[in-house]
Amino acid sequence: MTIRILIADDHPVVRRGLKSLIGERAGWEVIAEAVDGEEAVEIADQLSPDVVVLDVTMPRMHGLEACRLIRQSLPNCEVLMVTQHDSPQMMREALLCGAKGYVVKSNAPRDLLAAVEAVSQHKNFVARAPETRGSN
Amino acid sequence: MKLRILIADDHEVVRRGLCTLLQSHEGWEICGEATDGRTAVEKARQLKPDVIILDIGMPNLNGLAATRQLVQQDPLCKVIVLTITDSDQVIREALDAGARGFVLKSDAARDLVTAVEALQRNRMFFTPRVNDMVLNGFLGRGSNGSSHAPQLPQLTPREREVIQLLAEGKSSKEVASSLNLSTKTAETHRSNIMRKLGLHSIRDVVVYAVKNNIIQVQLPQLTITGDDPAAST
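Right, dumping it as structure tokens:
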């Protein structure tokens with residue numbers, strides 16, 4: 001079964017890069033892209049993706065708020081935060097908002113595919129946990 | 137003959153995005169990629185690309201310092217800098233370093249192809265804000281009309297390399313290793329930098345480096361959710 005993925009990032013170049021990375025995996029499909037948090041919430045509501053790959057710092061609506069809203073309205077949709085912020089505090093905030101995964105962009109080539117795989121199976125994936133690493 | 141482009145950015149996600157953007161243009165090819173400024177300078181020497189696209193905020197050697205070295209190596213080289221900020225200082229430094237193009241990362245999808253086309257025709261490409269600054273003759277005076285000498289030129293090119301590495305968290309020994317210096321020389325540079333700039337700790341060095349765009353950071357915006365974690369899942 002195809003895993004349907006929504007990508008949300010305000011930088012088109014980053015969206016292209018994420019799409020290129022994700023598109024390499026058979027059975028995964030990027031069904032849409034969003035340019036900010038508000039659009040991510042709207043598109044998620046319309047298309048019910050399996051996974052939303054969400055940047056944190058976006059205009060109009062912050063990624064953490066978008067994550068919270070998406071998780072509230074679509075409990076089966078998992079959110080993977082992909083961000084440049086290598087911050088334990090930010091990661092905790094993301095998890096509190098309902099994100100299942102947190103990946104730092106500088107580590108994206110190494111962690112992104114494993115993270116999407118894990119969260120699509122409703123498993124946690126955090127790449128910057130102080131005590132743990134990887135999926136559980 | 138294809139236009140050969142070298143891309144340098146420390147994030148693979150961004151490099152992939154730039155590659156797919158540029159390779160879709162007929163007649164262009166990506167001849168190489170680099171993850172930091174030092175590698176970019178070395179690859180440019182080997183590959184002799186027609187256009188070089190450099191992220192400003194790279195580790196080891198940032199895009200501005202790399203631009204200076206590239207232009208020194210080949211005064212005819214065509215460099216486009218990519219940056220997350222278009223502050224006066226960054227613009228001034230990019231132009232002083234010899235960049236012929238200046239593109240904001242947030243607008244790269246819209247502007248980068250146009251920028252490369254311009255450089256291909258031996259023209260320059262800058263964002264409108266930079267054009268305004270150049271037209272207003274900022275190279276001769278600051279934005280408030282008075283002459284402005286930025287702090288950074290107090291440092292030698294080598295000192296600028298050292299301060300970036302220190303701000304990235306490297307010890308003097310690691311700085312020495314990165315720059316093929318003795319540890320003693322690296323420590324001398326460190327002392328000189330701190331004395332010249334009146335800095336007293338590595339924390340001061342980091343703050344200085346961020347303020348002067350030697351390293352670029354985008355500060356996280358944290359929110360207090362106030363939600364019961366159990367209720368959000």
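Those sequence lines, one after another, are chains U and L. Residue numbers for the first sequence follow my numbering, beginning at 1 and rising by one. Residue numbers for the second sequence follow my numbering, beginning at 137 and rising by one. Backbone N, C-alpha and C fix where the C-beta goes; we use that ideal spot for every residue, glycine too.
Here the C-alpha atom of residue 249 of chain L lies approximately 7 angstroms from the C-alpha atom of residue 158 of chain L. With a threshold of 8 angstroms between beta carbons, residue 106 of chain U makes contact with chain L. For residue 42 of chain U, the secondary structure class from DSSP, reduced to helix, strand or coil, is helix.
In the three-state scheme derived from DSSP, where H, G and I count as helix and E and B as strand, residue 193 of chain L is classed as coil. Annotation for residue 216 of chain L: 187, 188, 189, 190, 235, 236, 237, 238, 239, 248, 251, 252, 255, 261 place their beta carbon closer than 8 angstroms to its own, counting only its chain and skipping 5 residues before and after. In the DSSP assignment, residue 219 of chain L falls within the unbroken beta strand (DSSP E) covering 215-219. Looking at the DSSP output, residue 81 of chain U bridges to U:54, U:102.
By the criterion of at least three beta-carbon pairs nearer than 8 angstroms, the stretch 42-50 of chain U is not in contact with the stretch 84-99 of chain U. Straight through space, the alpha carbons of residue 6 of chain U and residue 81 of chain U are spaced by roughly 12 angstroms. When secondary structure is reduced to three states using DSSP, residue 187 of chain L falls in the strand class.
Within 7 angstroms of the CB of residue 149 of chain L, the CB atoms of chain U belong to 14, 17, 18, 21, 105, 108, in sequence order along the chain.
Annotation: residue 168 of chain L is outside any alpha helix (DSSP H); the continuous beta strand (DSSP E) that includes it extends over 164-170. Taking 8 angstroms as the threshold, the shortest C-beta distance from residue 11 of chain U to chain L falls below it. Counting of Cβ neighbours within 10 angstroms places residue 172 of chain L among the buried residues, the total reaching 16 or more. Here residue 24 of chain U is exposed, its C-beta having fewer than 16 other C-beta atoms within 10 Å.
The distance from the Cβ of residue 53 of chain U to that of residue 63 of chain U is about 10 angstroms, inconsistent with a contact at the 8 angstroms cut-off. For residue 252 of chain L, no beta strand (DSSP E) encloses it; the enclosing alpha helix (DSSP H) starts and ends at 244-256. The contact set of residue 242 of chain L on chain U, defined by CB atoms closer than 8 angstroms, consists of 10, 11 in chain order. At a cut-off of 8 angstroms, the C-beta of residue 174 of chain L has no neighbouring C-beta in chain U. By the rule that beta-carbons nearer than 8 angstroms mark a contact, residue 245 of chain L touches chain U. Where residue 63 of chain U is concerned, there is no enclosing beta strand (DSSP E), although the alpha helix (DSSP H) around it starts and stops at 63-73. By the Cβ test, the stretch 9-29 of chain U is in contact with the stretch 102-115 of chain U, since at least three Cβ pairs between them sit closer than 8 angstroms. As for any alpha helix (DSSP H) of minimum length 4 sitting wholly inside the stretch 324-352 of chain L, the runs are 338-347, ordered along the chain. Between the C-alpha atoms of residue 342 of chain L and residue 326 of chain L there is a straight-line separation of about 13 angstroms.
Around residue 259 of chain L, no beta-carbon contact reaches into chain U at under 9 angstroms, the shortest distance being about 22 angstroms. Residue 153 of chain L belongs to the set of residues whose beta carbon lies under 8 angstroms from a beta carbon in chain U.
Looking from the CA of residue 74 of chain U, the closest CA among U:83, U:51, U:59, U:33 belongs to U:51. U:102 is the residue among U:108, U:107, U:102 whose C-alpha sits nearest the C-alpha of residue 123 of chain U. Boundaries for residue 235 of chain L: no beta strand (DSSP E) harbours it, and the DSSP string shows neither H nor E there. Residues of chain U with a Cβ closer than 7 angstroms to the Cβ of residue 156 of chain L are, in chain order, 16, 20.
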